[in-house]
Amino acid sequence: TIGMIAIDKDGKISCGTSTNGARNKIPGRVGDSPIPGSGCYVDRNVGGAAATGDGDVMMRLLPALISVEKMRDGYSPEEASRMSLQRIIDYYPNFEGAIVSASLDGRHGGACNGFTTFQYSLADSENGVTTVDVSC
Amino acid sequence: NPSLPLVINTWHFTNATARAWALLSEEGGSVLDAVEQGCAVCEREQCDFTVGYGGSPDENGETTLDALIMDGATHDVGAVAALRQVKDAISVARHVLQYTEHTLLVGSQATEFAVSMGFKLENLTTPKSQEMHRSWKEQNCQPNFWKNVVPDPSTSCGPYAPVSSMASGWTNDQRASFDRYNHD
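Protein chains in written order, with our numbering: chain A, 1 to 136; chain B, 1 to 184.
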């Protein structure tokens with residue numbers, strides 16, 4: 001899955017996801033990616049978030065929505081990402097997934113659980129295109 | 001803000017990031033253009049075989065696609081799920097956003113919508129996805145997503161039938177393994 005957030009120089013924001021889903025799924029199964037608030041979510045006054053991992057679990061707890069709401073409450077993108085994942089882990093301790101979040105002021109961060117490693121990709125005016133390693 | 005424009009995306013799919021960034025910083029594209037064309041790069045490149053055609057076959061060996069695009073300015077969303085036989089899932093999602101008042105179209109009806117909007121019907125199966133499916137069948141269909149059925153889904157392929165909730169061995173979720181190369 002790819003989940004992406006884009007913010008232009010005027011602070012306009014959008015997000016998108018695209019995936020072929022889980023391998024060996026039961027035919028007809030759909031994961032979190034096409035569900036607003038789960039695969040990704042943006043708010044024009046706050047920022048956005050995108051999630052990846054076990055979509056059957058994520059679509060039950062809407063991590064992208066939760067992360068954006070945490071940023072609205074004043075938490076940093078990294079803190080908001082962690083808090084939204086913790087909401088999932090409370091129910092599913094073995095959850096495998098990650099989330100990236102960005103605020104309208106250009107800050108960004110991520111969190112992950114159950115993966116050995118997680119990377120997200122970043123492009124901004126200061127760094128160009130690069131990758132960021134997140135410790136799970 | 002000096003760091004804007006900004007693009008971030010899950011995983012190490014930097015070609016997608018770069019395409020979205022170029023649209024925003026050099027080509028005058030909108031944030032919707034950036035997300036659509038950035039994700040479309042991954043659909044064409046089959047990023048880790050987790051995006052686009054030829055990956056993650058289902059139990060019947062078919063690849064289906066899910067995609068969503070959301071506009072922060074209007075809070076409008078277009079999405080497709082279990083899209084069959086069309087490779088350009090994120091672009092179909094954008095057509096749902098731009099040309100309908102709906103949010104999510106699914107399955108074969110989403111395919112019909114895509115064709116009506118000018119998208120091409122194509123086979124999403126590849127030799128790679130056929131091999132993935134064949135290998136899974138050879139491993140007694142492991143792992144899979146069934147529970148509380150007979151025969152035992154942890155050792156056998158289907159078809160399956162439900163067992164009574166009063167039977168011994170009734171289980172809650174035993175999640176199949178997700179990892180870097182198998183995720184939503």
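The beta carbon of each residue, even a glycine, is placed where N, CA and C say it ideally should be.
- Residue 95/A and residue 60/B have their C-alpha atoms roughly 26 Å apart.
- Neighbours of residue 145/B across chain A, judged by C-beta separation under 9 Å: 22, 24, 25, 26, 29 and 56.
- Here residue 32/A has 38, 39, 55, 58 and 59 as same chain residues with Cβ atoms under 6 Å from its own Cβ, once five neighbours each way along the sequence are excluded.
- Within the segment 98–124 of chain A, the residues whose Cβ lies closer than 9 Å to some Cβ of chain B are 98, 99, 100, 101, 102, 104, 105, 106, 107, 108, 110, 114, 115, 116, 117, 118, 119, 120, 121, 122, 123 and 124, listed in chain order.
- The segment 1–84 of chain B contains, as complete alpha helix (DSSP H) runs of 4+ residues, the segments 14–25 and 31–45 (chain order).
- Here DSSP, grouped into helix, strand and coil, assigns residue 86/A to helix.
- Per DSSP, residue 119/A is one residue of the beta strand (DSSP E) stretching across 118–124.
- Shortest Cα-Cα distance from residue 1/B to any of 109/A, 10/A and 134/A involves 10/A.
- Contact between the segment 86–99 of chain B and the segment 28–42 of chain B is present: three or more C-beta pairs spanning the two stretches fall below 8 Å.
- Selection 40/B, 144/B and 133/B evaluated against residue 91/B yields 40/B as nearest (Cα-Cα).
- One thing to note: residue 67/B has its Cβ within 7 Å of the Cβ of residue 18/A.
- Residue pairing from DSSP places residue 103/A in a beta bridge opposite 47/A.
- Taking 7 Å as the CB threshold, residue 67/A stays off the interface with chain B.
- In the three-state reduction of the DSSP assignment, residue 183/B falls in the coil class.
- Contacts with chain B at 7 Å (Cβ-Cβ) do not include residue 70/A.
- Of all residues in the segment 62–87 of chain B, only 62, 63, 64, 65, 66, 67, 68, 69, 70, 71, 72, 73, 75, 77, 79, 80, 81 and 82 place a beta-carbon less than 8 Å from a beta-carbon of chain A.
- Pairing residue 138/B with residue 57/B, the inter-Cα distance amounts to about 15 Å.
- Taking a beta-carbon distance threshold of 7 Å, residue 31/B counts as an interface residue toward chain A.
- When DSSP reads this structure, residue 108/A sits in a beta bridge with 102/A.
- The C-alpha of residue 97/A lies about 17 Å from the C-alpha of residue 36/A.
- When Cβ-Cβ separations below 7 Å define contact, residue 36/A makes contact with chain B.
- Annotation: residue 62/B to residue 49/A spans about 30 Å, alpha carbon to alpha carbon.
- Note on the segment 9–88 of chain A: whole beta strand (DSSP E) runs with a minimum of 3 residues are 13–19, 40–43 and 47–53, in chain order.
- For residue 39/B, the neighbours in chain A by C-beta distance under 9 Å run, in chain order, 2, 3, 4, 16, 17 and 18.
- Assignment of beta-bridge partners to residue 127/B by DSSP yields no partner.
- Neighbours of residue 35/B in chain A, taken as residues at a C-beta separation under 7 Å, are given in chain order as 4, 6, 14, 15 and 16.
- The segment 41–48 of chain A and the segment 13–29 of chain A touch, with three or more beta-carbon pairs separated by less than 8 Å.
- Of the candidates 71/B, 85/B and 11/B, 11/B places its Cα closest to the Cα of residue 50/B.
- Nearest CB-CB separation between residue 90/A and chain B: not below the 7 Å threshold.
- Within chain A, 106, 124, 125 and 126 have C-beta atoms less than 7 Å from the C-beta of residue 3/B, given in sequence order.
- Closest in alpha carbon position to residue 71/A, among 47/A, 8/A and 25/A, is 47/A.
- Shortest Cα-Cα distance from residue 28/B to any of 23/A, 24/A and 7/A involves 7/A.
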